[in-house]
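Engineer: Here the working numbering is used: position 202 in the sequence shown is 202, and no number is missing along the way. Don't be surprised by glycine CBs; every beta carbon is placed ideally from N, CA and C.
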Amino acid sequence: MAIAIIAILIVLGVVAIIALCASIKIVRQSYAVVVERLGKYNKTLDTGVHMVIPFIDRCSHPISLKEIVADFMPQPVITKDNVTMQIDTVVYFQVTDPKLFSYGVDNPIRAIENLTATTLRNIVGELELDDTLTSRDTVNSKMRLILDEATDPWGIKINRVELKNILPPKDIQDAMEKQMRAERERREQILKAEGEKKSSILVAEGEKQAQILKAEADQQTQILRAEAKKAELIAIAEGEKTAIEMINKANPNAAYVTMQGFEALKVLAEGQSTKIIVPSELQNVSALLTSMSEVVKDKKSK
């Protein structure tokens with residue numbers, strides 16, 4: 001009897017220990033746990049240590065509150081100009097309400113994937129191929145707004161949506177590569193032509209500047225020569241002026257004047273002129289000299 005009582009007490013002690021351990025629930029950082037009591041939602045456990053009623057309260061798997069990255073497989077999408085392409089998307093979302101996340105939708109990740117595919121088809125279906133390739137930011141923004149509004153009842157916050165790859169058909173890719181190659185060649189020719197144009201302009205401007213500098217140098221040379229000639233003439237005139245003033249101050253006699261006339265006649269005679277006009281004052285002197293020369297000749301003849 002005593003052994004049976006001891007065994008019962010041991011069993012009860014083990015059950016109590018198991019119940020105590022089961023009643024303690026530890027929730028890690030950035031996680032949350034939903035608690036159901038008898039199949040009905042009871043509460044949400046945040047980070048820390050919590051007590052629950054064993055065998056009555058059922059705790060769900062920890063729900064991550066961190067940002068989750070979902071990379072979905074490429075989806076076939078048809079553009080407005082009937083081009084079928086493969087587009088894969090990456091969705092960044094975060095659980096904001098564990099209760100709604102647990103009860104709002106069955107398999108939330110699968111729901112987000114399907115919602116992303118349908119939204120992408122609706123948006124890209126309104127765009128042509130070129131607009132789809134150049135309007136990624138616009139498509140990303142529209143998809144984020146639509147998905148965020150649609151997933152709000154599920155306790156999910158869509159932070160970002162990115163179009164990872166856009167893969168047109170092979171023939172479209174070949175045509176785009178040819179177009180890009182032609183565009184690069186056209187830009188190369190334009191750059192080459194612009195370079196030749198700028199080079200020609202620079203050469204012409206250099207020649208123009210050289211001619212201007214040469215003309216300015218010639219002009220400056222002529223100016224310097226003219227100034228030198230002017231200075232020479234001024235010096236000669238000032239010298240003659242000074243000489244005349246000095247002669248006038250000396251009050252020269254008639255003999256000096258006559259001698260100066262002879263010098264002037266000598267200069268005129270050495271010139272190439274065929275006619276010489278002699279002033280009347282000097283004609284008398286020349287006649288006198290002629291007579292004197294005749295007298296000299298007669299004396300020599302005798």
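Do valine 161 and threonine 89 have their CB atoms nearer than 8 Å?
Structural biologist: Yes, Cβ-Cβ distance for valine 161 and threonine 89 is below 8 Å.
Engineer: Use the C-beta contact count for arginine 181: other C-beta atoms within 10 angstroms, 16 or more gives buried, fewer gives exposed.
Structural biologist: It is exposed - the Cβ of arginine 181 has fewer than 16 other Cβ atoms within 10 Å.
Engineer: Between the Cα of lysine 157 and the Cα atoms of Leu213, Ile123, Val91, which residue gives the shortest distance?
Structural biologist: Ranking the options by Cα distance to lysine 157, first place goes to Val91.
Engineer: Where does the unbroken alpha helix (DSSP H) through proline 108 begin, and where does it stop?
Structural biologist: Element bounds for proline 108: 108-124.
Engineer: For leucine 120, which of Ser141, Asp106, Val105, Phe101 has the nearest alpha-carbon?
Structural biologist: Among Ser141, Asp106, Val105, Phe101, the Cα nearest to that of leucine 120 is on Ser141.
Engineer: Which one of Thr84, Leu38, Val33 has the shortest CA to CA distance from threonine 44?
Structural biologist: Residue Val33 is the option with its Cα nearest to threonine 44.
Engineer: Within the chosen definition, does the segment 163-179 reach the segment 108-116 through at least 3 CB pairs nearer than 8 Å?
Structural biologist: These segments do not touch.
Engineer: Please work out which residues of its chain come closer than 8 Å, Cβ to Cβ, to glutamine 94, disregarding the five sequence neighbours upstream and downstream, and give them in chain order.
Structural biologist: Hits under 8 Å: Leu65, Lys66, Glu67, Ile68, Ile156, Lys157, Asn159.
Engineer: Are glycine 48 and threonine 79 closer than 8 Å when you measure CB to CB?
Structural biologist: No, they are not a contact pair.
Engineer: Among residues of its own chain, excluding the 5 on either side of glutamate 128, which ones have a beta-carbon nearer than 7 Å to its beta-carbon?
Structural biologist: Once the five neighbours on either side are set aside, the close Cβ partners of glutamate 128 are Thr79, Lys80, Asp81.
Engineer: Only counting the same chain, and skipping five residues up and downstream in sequence, which positions put a Cβ closer than 6 Å to that of histidine 61?
Structural biologist: Counting only Cβ-Cβ distances below 6 Å, and skipping sequence neighbours, we find nothing.
Engineer: On the DSSP bridge assignment, give the partners of histidine 50 in chain order.
Structural biologist: For histidine 50, which the question treats as bridged, DSSP gives the partners Lys25.
Engineer: For the candidate residues Glu205, Phe55, Ile172, whose alpha-carbon lies nearest to that of leucine 38?
Structural biologist: Of Glu205, Phe55, Ile172, the residue nearest in Cα terms is Phe55.
Engineer: Taking DSSP as the reference, what is the three-state secondary structure of proline 76?
Structural biologist: It is a strand residue.
Engineer: Can you tell me the Cα-Cα spacing of serine 291 and alanine 237, whole angstroms?
Structural biologist: Note on serine 291: pLDDT 47, under 50, position unreliable in the model; no value is reported.
Engineer: Just to confirm the assignment: which complete beta strand (DSSP E) runs, minimum length 3, are found wholly within the segment 149-179?
Structural biologist: Segments of the beta strand (DSSP E) lying fully in the segment 149-179: 156-167.
Engineer: Tell me the rounded alpha-carbon separation between glutamine 29 and arginine 58.
Structural biologist: Distance between the alpha carbons of glutamine 29 and arginine 58 is about 20 Å.
Engineer: Going by DSSP in three states, leucine 101 sits in which element: helix, strand or coil?
Structural biologist: A quick correction: the sequence has phenylalanine, not leucine, at residue 101. Three-state result, phenylalanine 101: helix.
Engineer: What whole-angstrom Cβ distance do methionine 85 and proline 153 have, given they're in contact under 8 Å?
Structural biologist: Between proline 153 and methionine 85 the Cβ distance is about 32 Å, and since that is not below 8 Å, they are no contact.
Engineer: In the DSSP assignment, what residue or residues form a beta bridge with phenylalanine 93?
Structural biologist: In DSSP, phenylalanine 93 forms a bridge with Ile68, Ile158.
Engineer: Which first and last residues belong to the beta strand (DSSP E) in which leucine 45 is found?
Structural biologist: Looking at the DSSP string, the run of the beta strand (DSSP E) that includes leucine 45 is 40-45.
Engineer: Given that a residue counts as buried once 16 or more other Cβ atoms are within 10 Å of its Cβ, and exposed if not, what is threonine 242?
Structural biologist: Exposed, by the Cβ-count rule.
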